[in-house]
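Residue numbers for the sequence shown, in mature numbering (1 follows the signal peptide of the UniProt record, and there is no 0): -27 to -1, 1 to 364. Backbone N, C-alpha and C fix where the C-beta goes; we use that ideal spot for every residue, glycine too. Below is one structure, written out as C-alpha cells; comments come after it.
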Amino acid sequence: MSHTLISKILRGAGAAAIALLSACAMQTEGGHQPVAFSDLQGWGADAAQQSLPVFLTECHHLGRLPADATLGADSGPGAHVGDWLPACRAATALPTGDAQAARAFYERWFQPVQAGDGSTLFTGYYEPEIRGALSRGGVYQTPVYRVPDDLVRTRATDGRMVTGRWQGGQFVPYWSRAQIDAGVLSGRNLELLWVADPADLFFLQIQGSGRVRLPSGQVARLGFGGKNGLEYVPLGRVLVRDGAMAEDDVSMQSIRAWLTAHPGEARATMEENPNYVFFTMLDNVYVDQGAPGAMGVPLSPGQSAAIDRKIIPLGAPIWVETDLPGPSAAAWRRLVFAQDIGTDIQGASRADLFLGWGADAEQTAGRLRQRGRMVVFLPRPVVTRSESGGS
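What follows is the structure, given as C-alpha cells:
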C-alpha cells in the first residue's frame, strides 16, 4: 500500500491511526518489520544527539534536490526526497546540544522497521592510504585511471541499466580487468597517477576511494568515478575454490598476505575479478572527512553505511546492533546513515559499515564479518491539521 493511499484513506482519522497503518504497510515492503524505539538495544539521548549533525548535513544536501527525486527504494516511506523534508525542517529548529530534544525528534518523526529477519551480515570498508606519484617512474608503474570517455551507461531495451562501449555500431561489454592490465587503455592520457603495487590498486578499487601519499608527503584524495560494469568476483571465493585458502580464513589481510607470498600468480588471480573501478581526483574534501558516497555527502567514520538502495532509501538513519572485531573490538549500538552503495551489498540483510581511515580502520574493516540487527528509521506520514481533526 502506498504512502499516498494511506493518507487518503485515513484523512481525518488521526495521527495514531495513520502511523499504525503506515507501519503495517512497511511490513510488506522489502521484508521490513515495524518495531518500537523501546525495543532498540542501547537507544537513548546520547545516541540521538551524536547522530544529529550527520542528519543535518544530509538535509542540507536534500534541500537542493527536487522533492520528487528518488532515493533508490522503489516505493514506500522515504523513497523520495520530499518524504524527508518535513523531518529536516524540524531538525533545523532543534536547540543545539539538547540530547533529550534530539531523542524526542527521532521518536516523533520516524518509525523504526527491522530490515530482513534480524540477522544482517555486517562487513566493513575504509579509505586505504597507499604510495603513489603523479608521474611514472621508479617503483611507480601501475596506473590509476580516470573514467574513459568511451565508457557508456545506458538503458537496455528491457529497461535494465547496462554499462559498456560502442564498437562498430554494436553495444559491447567494456574492457575487462585483464584487458586493461594488458594495456588496452594505454596512450589515452587517462592516468590520474601511478602507484607502487598492483595489489594496492586492487584493494583501492574494492574500497571505492582512498588516499595516495605522494613522494613530497602530500596526500591526493581519490573518489569513485565509475566502473566497467562487469561482474564483481570476490577474490576470497576464488582462493577457496582453488584450494589456496579455507573459507573460515578469508579476510582482507589473509588475501593480501597470499598475494604477497605468490607474486608470480598474483596478477592472474586478481584478474579472475573482471570488475574494474575508475577514479576521480577530489579537490574539495577535507582531510578529516571521508570521500563522498553514493548520496553525494562525505562519509563519516562510524556513522555511514553502504546498503542496497533497492531496499533501503539513501539517507535513511539505521540503528545497528552488532560487534566489532580487531583493535576497535566493542559492542556497536549506534545510529548510522545509508549514504553509500556497494557491488556486493544486496538485499535487506546486508550492510557495509564505513570505518574511516588509518591502521585501526583497516584492521577492523578487514576482519569485520559479523551478524547483527539492522533497524531502518523511515519517515512517518505527515499529518495535517485537517487530517488530525483540528480546525
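Simplified DSSP assignment, three categories, for Asp333: In the structure shown, Asp333 adopts helical secondary structure according to DSSP, grouped into three states.
Contact set for Gly55: own chain, Cβ-Cβ below 7 Å, skip 5 residues either direction: So the list reads Ala40, Asp41, once near-sequence residues are dropped.
message: Cutting at 7 Å between CB atoms, please list the residues of its own chain near Ala106, excluding the five before and the five after it.
response: These residues qualify, in order along the chain: Tyr113, Leu166, Trp167, Leu187, Pro188.
- request: Could you tell me which residues DSSP pairs with Ser118 in its beta bridges?
  value: Here the sequence assigns Tyr to residue 118, which means Ser is not the residue at that position. Tyr118 is bridged to Glu164.
Span of the alpha helix (DSSP H), counted from its first residue to its last, around Thr96: Counted as a single uninterrupted DSSP element, the stretch harbouring Thr96 is not any alpha helix (DSSP H) but the beta strand (DSSP E) occupying residues 93 to 100.
message: Helix, strand or coil for Val54? Go by DSSP, reduced to three states.
response: Residue state, collapsed to three classes: helix.
field: Between the CA atoms of Gln276 and Asp170 - distance to the nearest angstrom
entry: Whole-angstrom Cα-Cα distance: 31 Å.
- request: Please go through the same chain and pick out, in chain order, the residues whose beta-carbon is closer than 7 Å to the beta-carbon of Gly91, but skip the five residues on each side of it.
  value: Answer for Gly91: Arg346, listed in chain order.
message: Going by DSSP, what residue range makes up the alpha helix (DSSP H) through Ser24?
response: Here the alpha helix (DSSP H) through Ser24 covers 18 to 35.
- prompt: Whose C-beta lies closer than 6 Å to the C-beta of Ala239 among residues of the same chain, with five residues either side of it excluded?
  reply: Excluding residues within five positions, the ones whose Cβ falls inside 6 Å are Leu232.
field: Val213 and Glu245 closer than 8 Å at C-beta
entry: Their beta carbons are not under 8 Å apart, which means Val213 does not touch Glu245 by this criterion.
- prompt: Between which two residues does the beta strand (DSSP E) harbouring residue 369 extend?
  reply: As displayed, the chain neither begins before -27 nor continues past 364, which places residue 369 out of reach and without an answer.
query: If we count Cβ pairs, one from each stretch, closer than 8 Å, do we get three or more for the segment 79 to 87 versus the segment 4 to 21?
result: Yes, since at least three Cβ pairs between the segment 79 to 87 and the segment 4 to 21 fall closer than 8 Å, the two stretches touch.
message: Going by C-alpha to C-alpha distance, which of Met268, Leu25, Arg126 sits closest to Leu203?
response: Comparing alpha carbon positions, the residue from Met268, Leu25, Arg126 closest to Leu203 is Arg126.
- request: With a floor of 4 residues, list each alpha helix (DSSP H) that falls wholly inside the segment 144 to 227, ordered by position along the chain.
  value: Complete alpha helix (DSSP H) runs here, min 4: 150 to 154, 171 to 180, 208 to 214.
message: As a quick exercise: from Gln6, Arg340, Asp122, Ala264, pick the residue whose alpha carbon is nearest that of Gly196.
response: Closest by alpha carbon: Ala264.
message: Please report the straight-line C-alpha distance between Leu351 and Gly142, rounded to a whole angstrom.
response: Near 45 Å, if we compare the C-alpha coordinates of Gly142 and Leu351.
Contact the segment 33 to 52 vs the segment 278 to 288: 3+ CB pairs below 8 Å: With a cut-off of 8 Å, the segment 278 to 288 and the segment 33 to 52 count as touching, because enough Cβ pairs lie within range.
task: Report yes if the C-beta distance between Thr96 and Arg344 is below 8 Å; otherwise report no.
output: Taking the C-beta atoms as reference points, Arg344 is found no nearer than 8 Å to Thr96.
- prompt: Grouping DSSP H, G and I as helix and E and B as strand, with all else coil, what is Leu351?
  reply: Strand.
query: Which residues bound the beta strand (DSSP E) around Pro290?
result: Element bounds for Pro290: 290 to 297.
message: Among the candidates Ala217, Val145, Tyr118, whose CA atom is the shortest distance from the CA of Ala129?
response: Its Cα nearest to that of Ala129, the residue Val145 stands out among Ala217, Val145, Tyr118.
message: Could you compute how far the alpha carbon of Arg76 sits from the alpha carbon of Gly331?
response: C-alpha separation (whole angstroms): 32 Å.
message: For a quick check, are the C-beta atoms of Ile103 and Asp154 less than 8 Å apart?
response: Result no, Cβ atoms of Ile103 and Asp154 do not sit closer than 8 Å.
message: Please report the straight-line C-alpha distance between Gly339 and Ala311, rounded to a whole angstrom.
response: Roughly 20 Å between the two C-alpha positions.
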